[in-house]
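Under this note's numbering, read the sequence shown as residues 13 to 219, first letter to last. To start, the structure under review is shown below, and the notes come after it.
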Amino acid sequence: MYKLYYSPGACSMGIHIALNECGQEVELEEISFAARQNRSAEYLAINPRGHVPTLVEDGRVLREGAAILIHVLEKHDSPLLPKSGPERDAAIEWLMFANSTLHPAYARVFFLKRGGVTEGTLMDAAATNINDLWSEVEHRLAEHPYICGDKVTIADILLTVIANWSGNVPKPIHLGPNTKRLLKEISSRPAYQKALADERVEYKAAA
Ligand SMILES: N[C@@H](CCC(=O)N[C@@H](CS)C(=O)NCC(=O)O)C(=O)O
């Protein structure tokens with residue numbers, strides 16, 4: 013049995029969707045950032061970084077989103093993470109792009125916003141960085157149906173989760189037509205819709 017510590021619509025939603033895709037039951041424990049529950053002594057004891065996601069599997073604590081996704085998809089033999097060869101390399105590359113490049117680009121904006129910065133060169137540079145990354149995604153999706161090629165992978169799911177944060181950026185974030193096509197398809201998957209309903213999150217980025 014899995015227990016997922018999550019915040020609605022955050023990167024933890026990628027784990028929630030992956031568990032749904034694998035047909036796994038999950039107990040959800042919401043961590044409110046507004047109430048600073050992620051900084052409570054109780055939560056810091058299981059995740060000293062004060063981040064979601066944290067996944068507890070039969071008493072074992074797993075942290076770091078990409079590591080958790082790889083663990084879950086491998087354990088349940090999911091085609092969202094190809095087994096070997098160039099297909100696996102591409103899936104891991106684009107999973108890391110989403111988790112380690114695109115996610116921190118949004119985190120920079122949210123960090124500035126928390127400090128009251130919504131205008132100025134720092135915010136402009138942070139938003140430009142996000143737009144440049146989505147432009148790279150758009151160019152790839154003009155040539156392939158999915159970010160890794162012909163097959164859907166976990167990277168498409170995490171990109172779709174992160175795209176939905178764009179409305180919280182105080183500058184325009186441009187998602188191209190091919191990107192929106194992907195977001196619409198991926199967010200329509202039953203496993204995705206179930207996670208949105210469970211977390212009470214509306215999907216807005218595909219519009
Ligand atoms: N590298 C970490 C990043 C996790 C992360 O930054 N999560 C965000 C939510 S999307 C968070 O918990 N933010 C709370 C905070 O920074 O205070 C991972 O992949 O687990």
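Even for Gly, the Cβ is constructed at its ideal location relative to N, Cα and C. It should be emphasised that the depicted structure is a prediction, and the values quoted were computed from it without experimental measurement.
How is the beta strand (DSSP E) around residue i delimited, first residue to last?
i: R10; result: Residue 10 lies beyond the stretch modelled for the chain, which goes from 13 to 219, so this question has no answer here.
i: V68; result: T66 to E69
From the DSSP output, which residues share a beta bridge with residue i?
i: V38; result: Y14
i: Y158; result: G161
Mind checking which residues open and close the alpha helix (DSSP H) that includes residue i?
i: T172; result: I166 to A175
i: V121; result: H115 to R126
i: L93; result: First-last for L93: undefined, no H or E at that position.
i: S24; result: S24 to E33
i: A209; result: P202 to E211
i: E131; result: Where E131 is concerned, there is no enclosing alpha helix (DSSP H), given that its DSSP letter is neither H nor E.
i: I58; result: A53 to I58
Taking Cβ positions, are residue i and residue j nearer each other than 9 Å?
i: G188; j: E150; result: yes
i: E105; j: C160; result: yes
i: V84; j: L31; result: yes
i: V164; j: L114; result: no
i: P20; j: E42; result: yes
i: E148; j: L40; result: no
i: Y14; j: Q49; result: no
i: I185; j: G26; result: no
i: L171; j: I198; result: yes
i: E131; j: S90; result: no
i: V129; j: V181; result: no
i: N176; j: Y215; result: yes
i: A78; j: S112; result: yes
i: S58; j: Y17; result: Reading the sequence as shown, one finds Ile at residue 58 and not Ser. For I58 and Y17, yes; Cβs fall inside 9 Å.
i: A102; j: L145; result: no
Compute the beta-carbon to beta-carbon distance between residue i and residue j, rounded to the nearest angstrom, for a pair I have assumed lies under 8 Å.
i: P29; j: I169; result: The question names Pro, yet the displayed sequence has Ile at residue 29. Between I169 and I29 the Cβ distance is about 5 Å, and since that is below 8 Å, they are a contact.
i: M108; j: L124; result: Not confirmed; about 24 Å, so no contact.
i: R75; j: T66; result: 6 Å
i: A219; j: K183; result: In fact, because the Cβ distance is near 18 Å, the residues do not count as touching under 8 Å.
i: L153; j: L194; result: 6 Å
DSSP on residue i, reduced to helix/strand/coil?
i: N190; result: helix
i: I80; result: helix
i: S19; result: coil
i: E214; result: coil
i: P98; result: helix
i: V181; result: coil
i: A46; result: coil
i: A138; result: helix
i: R225; result: No information on residue 225 is available, as it lies outside the stretch 13 to 219 that the chain covers here.
i: A219; result: coil
Taking only beta-carbon positions, decide if residue i is within less than 9 Å of chain D.
i: N190; result: Going by chain labels, chain D is absent from the structure shown, which holds only one protein chain.
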